[in-house]
Amino acid sequence: MDPVIIVGAGPVGLTLALALVRQEVPCVVLDEGPGKDEPRPARTVVLREDTAALVERLTGVRLAHAGVRWAGWRSMRRKQVMCEVAFGDSEPAPLHIAQHVLTGVLRGALAGERLAEIAVDSRLNSLEQEPSGVTAHTRGPKGTYWRGSYLVGCDGPRSTVRKLQDIRFPGRTAVERHAVAALRTELPWQDEALLHRVPPWRTSGPSAGEITARPLPDGVWRLDWLLPPGKELVTPELLLTRVRETLAGWTDGPTPPYELLDTGVHTVHHRLARRWRADRVFLAGDAAHLLGALGTHGLDEGLRDADNLAWKLALAWHHGPHDALLDSYQTERRAIVASRLRAADQALPLVRGGGGLRSYVPGSARGHDALLMDGHLGRGALGAPGTYTDSPLAPGLLEGEVAVGTVPGSAVTDVRVTAEDGTFVRLRSRLGRGALLVVLIAPGTGVWERRHWVSAGIMPRLAAAVSALPHPAELLVAESYPGAAAHTVLLVRPDGHLVTALSGVRPADLYTAAEAVVGGSTTAEAGAEDGSREGSGDGARAGARADAGAGSR
Numbered sequence: 011m012d013p014v015i016i017v018g019a020g021p022v023g024l025t026l027a028l029a030l031v032r033q034e035v036p037c038v039v040l041d042e043g044p045g046k047d048e049p050r051p052a053r054t055v056v057l058r059e060d061t062a063a064l065v066e067r068l069t070g071v072r073l074a075h076a077g078v079r080w081a082g083w084r085s086m087r088r089k090q091v092m093c094e095v096a097f098g099d100s101e102p103a104p105l106h107i108a109q110h111v112l113t114g115v116l117r118g119a120l121a122g123e124r125l126a127e128i129a130v131d132s133r134l135n136s137l138e139q140e141p142s143g144v145t146a147h148t149r150g151p152k153g154t155y156w157r158g159s160y161l162v163g164c165d166g167p168r169s170t171v172r173k174l175q176d177i178r179f180p181g182r183t184a185v186e187r188h189a190v191a192a193l194r195t196e197l198p199w200q201d202e203a204l205l206h207r208v209p210p211w212r213t214s215g216p217s218a219g220e221i222t223a224r225p226l227p228d229g230v231w232r233l234d235w236l237l238p239p240g241k242e243l244v245t246p247e248l249l250l251t252r253v254r255e256t257l258a259g260w261t262d263g264p265t266p267p268y269e270l271l272d273t274g275v276h277t278v279h280h281r282l283a284r285r286w287r288a289d290r291v292f293l294a295g296d297a298a299h300l301l302g303a304l305g306t307h308g309l310d311e312g313l314r315d316a317d318n319l320a321w322k323l324a325l326a327w328h329h330g331p332h333d334a335l336l337d338s339y340q341t342e343r344r345a346i347v348a349s350r351l352r353a354a355d356q357a358l359p360l361v362r363g364g365g366g367l368r369s370y371v372p373g374s375a376r377g378h379d380a381l382l383m384d385g386h387l388g389r390g391a392l393g394a395p396g397t398y399t400d401s402p403l404a405p406g407l408l409e410g411e412v413a414v415g416t417v418p419g420s421a422v423t424d425v426r427v428t429a430e431d432g433t434f435v436r437l438r439s440r441l442g443r444g445a446l447l448v449v450l451i452a453p454g455t456g457v458w459e460r461r462h463w464v465s466a467g468i469m470p471r472l473a474a475a476v477s478a479l480p481h482p483a484e485l486l487v488a489e490s491y492p493g494a495a496a497h498t499v500l501l502v503r504p505d506g507h508l509v510t511a512l513s514g515v516r517p518a519d520l521y522t523a524a525e526a527v528v529g530g531s532t533t534a535e536a537g538a539e540d541g542s543r544e545g546s547g548d549g550a551r552a553g554a555r556a557d558a559g560a561g562s563r
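Numbering (the working numbering), first residue to last: 11 to 563.
#1: Under the three-state reduction of DSSP, which class applies to R503: helix, strand or coil?
#2: Is the separation between the beta-carbon of L437 and that of V427 shorter than 7 Å?
#3: If you draw a straight line from the alpha carbon of H497 to that of H276, how long is it in whole angstroms?
#4: Take the Cβ of P104 as the centre, count every other Cβ of all protein chains shown within 10 Å, and call the residue buried at 16 or more, exposed below.
#5: Three-state secondary structure (DSSP) at Y160?
#6: For a test of the three-state rule: what should DSSP assign to T251, helix, strand or coil?
#7: Count the other CB atoms, across all protein chains shown, that sit within 10 Å of the CB of S100; report buried if there are 16 or more and exposed otherwise.
#8: The beta strand (DSSP E) spanning H280 covers which residue range?
#9: I'd like to know if the segment 151-160 and the segment 220-234 are in contact, where contact means that at least 3 CB-CB pairs between them fall below 8 Å.
#10: Which same chain residues, not among the five before or five after Y370, have their C-beta less than 8 Å away from its C-beta?
#11: Can you say whether Q33 is buried or exposed, counting buried as having 16 or more other CB atoms within 10 angstroms of its CB?
#12: So what's T498 in DSSP terms, helix, strand or just coil?
#13: Give the C-beta separation of A316 and T25 to the nearest angstrom, bearing in mind that I take them to be a contact with Cβ-Cβ under 8 Å.
#14: Under a Cβ-count criterion, where at least 16 other Cβ atoms within 10 Å of its own Cβ denotes burial, should H299 be classed as buried or exposed?
#15: Considering only heavy atoms of the ligand NAP, does any lie closer than 6 Å to the CB of R168?
#16: Using a 10 Å radius around the Cβ and a threshold of 16 neighbouring Cβ atoms, would you call G393 buried or exposed?
#17: Quick one: give me the first and last residue of the beta strand (DSSP E) that M11 is part of.
#18: What does a CB cutoff of less than 8 Å around P44 pick up in its chain, not counting 5 residues either side in sequence?
#19: Helix or strand or just coil, what does DSSP make of L403?
#20: Taking its Cβ as the centre, do 16 or more other Cβ atoms sit within 10 Å of Y521, making it buried, or is it exposed?
#21: Quick check: what's the CA-CA separation for A223 versus V499?
#22: Report the rounded CA-to-CA distance for I177 versus P209, giving the unit in angstroms.
#23: If we ignore side chains and look at the alpha-carbon of each, how far apart do V476 and E484 end up?
#24: Determine whether the Cβ of P492 lies closer than 7 Å to any Cβ atom of chain B.
#25: Excluding sequence positions up to five away, which residues of its chain have a Cβ less than 7 Å from the Cβ of E342?
#26: Are at least three pairs of beta-carbons, each pair with one atom in the segment 163-180 and one in the segment 280-291, less than 8 Å apart?
#27: Nearest to D272 by CA position, among M86, A52, A495, P239, is which residue?
#28: Using only CA atoms, which one of L293, S85, T195 lies nearest to Y339?
#29: Tell me whether Q340 sits in a helix, a strand or coil according to DSSP, three-state version.
#30: I believe T113 touches L40 by the beta-carbon criterion, under 8 Å. Please report the beta-carbon distance rounded to the nearest angstrom.
#31: Which stretch, first to last residue, makes up the alpha helix (DSSP H) that contains P517?
#32: So, are the CB atoms of E186 and V278 less than 7 Å apart?
#33: Got a sec? Which residues, its chain only, sit under 8 Å from E48 by beta carbon, not counting five neighbours each side?
#34: Note the first and the last residue of the continuous alpha helix (DSSP H) segment covering H329.
#35: Ordered along the chain, which non-local residues of its own chain (more than five positions away) have a Cβ less than 6 Å from that of G529?
#36: Taking 7 Å as the cut-off, decide whether the C-beta atoms of P453 and E489 are in contact.
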């Protein structure tokens, strides 16, 4: 079968390619550049816990060595500290990393993959779709045509793929503008990120604004100054003035020594593509959505796009087209990004409006700071990872379903589990392999070797039920899970989102949920219910149902 064609070699395209080859799906990445990104210290990205873990799992590289995990967060208004956060186990720190460093890590991991090819100097010119695949034509020094099973446009805001598919991209232009500088200096806050609103040296007018400081390795900081609405020209003189007065203001004295490394202007747009799928063509990352106001970061959502799409494309590539499963990519991901855009658009007039009665309402400033902190730290409606609670892949009401500390559709907690070979690993390390995960909560098993309990109690019944599922699944055992009682069974998607939690071994419910999450039919679900109310764990009967379900597809 033909490889998956990925257009664009940014972080999202490279992450998708790695996620596919980890599931034995060949891919070709069309890179319009020379294969190496220009170092730009002022062009950085902030990754939350889940997206940083995704990149680390795919590359095998500890990103903390390439970027900085913030020690804390501080919000200030004039001279007053409004809020401080110290990061630790209860709240993992965001990771700040230069984008060219991140793409370098991804390129390095992809370079050694036998199933992946990066075609440099290859700019997409046209594409055609047929029932059996996609043909992409490229121009440039290595212009040619490429044949693929599917094609994913990860080619940024001006996506050629989106334009060739005539997909509209409505939204708002220049929602916010920031002057940006990367410089090496010493600030009073070691490895802490800072949001400073209305600094005392800029006390009035629309340019009073706000400043964000975020640390990078080797004593480098990225500073962002919010610009007033309009098209104010950011001249070198203006930027140098901002740098000097800001550093002097923060150190309460003359401007300390600094080395200016890079500058730029960051313009935030809010846009959302009408469609994310056109038959065998998909959009992901900035080609599908643009967001970033109020401290939010679009790359997080782009990486989540790649994680969501990869296992669905892999299943379709290995087992044949499955429209319900592939359609769920747009349904799940577009709804989450649309919700975040709505939240940001609703908050913008409150936070940026200024003046008027709201300026005199007690607590309004603190409320605005909390909203901005949510965006920067990945919390609340502005920043928290979305859930797939209303996903078309949800199994519906199951007789044996119970509540645990994770709502179905949300990302699972990264607990320690025992793998099938008896080793202790983190749950998150088993994701992204294309298999469903079945996790049994069994307190006390951690003190015994696996061979002592793998054939005891409910394990044989559960193992038989797992082997009969309509999609490959890995059986794991955990000592505990938040909110879960002993003998609770969790079913987890390949991208780490909880499908359901069941009270004990319930083969029919487990089969029904697994069939639903891979886009299965209601007839297979109904067939799986036969005999379930007796609580039978008969592996042969479950196996017959699995064979019938597979044949119907």
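Heads up, the beta-carbon is just placed ideally off N, CA and C, and yes, glycines get one too.
Result, derived from the coordinates:
#1: Here residue 503 refers to the residue found at position 493 of the sequence shown. If DSSP states are grouped into helix, strand and coil, R503 belongs with coil.
#2: Working through the sequence shown from its first residue, we reach residue 437 at position 427. Working through the sequence shown from its first residue, we reach residue 427 at position 417. Judged by beta-carbon spacing, V427 lies within the 7 Å limit of L437, meaning their Cβ atoms are closer than that value.
#3: Here residue 497 is taken as the residue at index 487 of the sequence shown, counted from 1. Here residue 276 is taken as the residue at index 266 of the sequence shown, counted from 1. Cα to Cα, the separation comes out at about 51 Å.
#4: The residue labelled residue 104 in the question sits at position 94 within the sequence shown. Under this definition P104 is a buried residue.
#5: Along the sequence shown, one-based indexing puts residue 160 at 150. Looking at Y160 - three-state DSSP - the assignment turns out to be strand.
#6: Looking up residue 251 in the sequence shown gives position 241. Here T251 sits in helix by DSSP.
#7: Numbered from its first residue, the sequence shown carries residue 100 at position 90. That one is exposed.
#8: In the sequence shown, residue 280 corresponds to position 270, counting from 1. Counting along the chain, the beta strand (DSSP E) containing H280 begins and ends at 269-282.
#9: no
#10: Counting from one through the sequence shown, the residue named residue 370 turns up at place 360. Interpretation of Y370 is limited by its pLDDT of 36, a score under 50 that renders its predicted location unreliable; the figure taken from the coordinates is listed afterwards. Excluding residues within five positions, none has a Cβ falling inside 8 Å.
#11: Taking the first residue of the sequence shown as 1, we reach residue 33 at position 23. So Q33 counts as buried.
#12: For the purposes of this step, residue 498 is identified with residue 488 of the sequence shown, where counting begins at 1. Three-state DSSP puts T498 in a strand.
#13: Reading the sequence shown from its first residue, position 306 is the one you call residue 316. Reading the sequence shown from its first residue, position 15 is the one you call residue 25. Right, their Cβ atoms sit about 5 Å apart.
#14: Taking the first residue of the sequence shown as 1, we reach residue 299 at position 289. By the 10 Å Cβ count, H299 comes out buried.
#15: Ligands are entirely absent from the displayed structure, and the ligand NAP is therefore not among its contents.
#16: Within the sequence shown, numbered from 1, the residue matching residue 393 stands at position 383. Classification for G393: buried.
#17: Taking the sequence shown and counting its residues from 1, the one referred to as residue 11 is at position 1. Careful: M11 lies outside any beta strand (DSSP E) and carries neither H nor E.
#18: Counting from 1 along the sequence shown, the entry for residue 44 is found at position 34. The answer, listed in chain order, is V130, D131.
#19: If you number the sequence shown from 1, residue 403 lands on position 393. The answer is coil: DSSP assigns L403 none of H, G, I, E or B.
#20: Within the sequence shown, numbered from 1, the residue matching residue 521 stands at position 511. Label assigned to Y521: buried.
#21: What you label residue 223 is simply residue 213 of the sequence shown in a count that begins at 1. What you label residue 499 is simply residue 489 of the sequence shown in a count that begins at 1. Between A223 and V499, the C-alpha separation is close to 45 Å.
#22: Reading the sequence shown from its first residue, position 167 is the one you call residue 177. Reading the sequence shown from its first residue, position 199 is the one you call residue 209. Near 43 Å, if we compare the C-alpha coordinates of P209 and I177.
#23: Against the sequence shown, residue 476 aligns to sequence position 466. Against the sequence shown, residue 484 aligns to sequence position 474. Cα to Cα, V476 sits roughly 8 Å from E484.
#24: The chain labelled as chain B is not found in the depicted structure, where only one protein chain is given.
#25: Looking up residue 342 in the sequence shown gives position 332. Hits under 7 Å: N318, Y398, S401.
#26: yes
#27: Position 262 of the sequence shown holds residue 272. Selected option, being the one with the closest Cα: A52.
#28: Position 329 of the sequence shown, counted from the first residue, corresponds to residue 339. Checking every option, the nearest Cα to that of Y339 belongs to L293.
#29: Start at 1 with the first residue of the sequence shown, and residue 340 comes out as number 330. DSSP places Q340 in helix when its eight states are reduced to three.
#30: The residue you call residue 113 lines up with position 103 of the sequence shown. The residue you call residue 40 lines up with position 30 of the sequence shown. Here T113 is actually not in contact with L40; their C-beta atoms are around 15 Å apart, not less than 8 Å.
#31: Position 507 of the sequence shown, counting from 1, holds the residue named residue 517. Residues 517-527.
#32: Here residue 186 refers to the residue found at position 176 when the sequence shown is read from its first residue. Here residue 278 refers to the residue found at position 268 when the sequence shown is read from its first residue. Yes, Cβ-Cβ distance for E186 and V278 is below 7 Å.
#33: Position 38 of the sequence shown, counting from 1, holds the residue named residue 48. Around E48: H110.
#34: Translated into positions along the sequence shown, residue 329 becomes position 319. That run of the alpha helix (DSSP H) goes 308-329.
#35: In the sequence shown, counting from the first residue as 1, residue 529 sits at position 519. Only H332, A334, L335 meet the Cβ criterion.
#36: Translated into positions along the sequence shown, residue 453 becomes position 443. Translated into positions along the sequence shown, residue 489 becomes position 479. Yes, Cβ-Cβ distance for P453 and E489 is below 7 Å.
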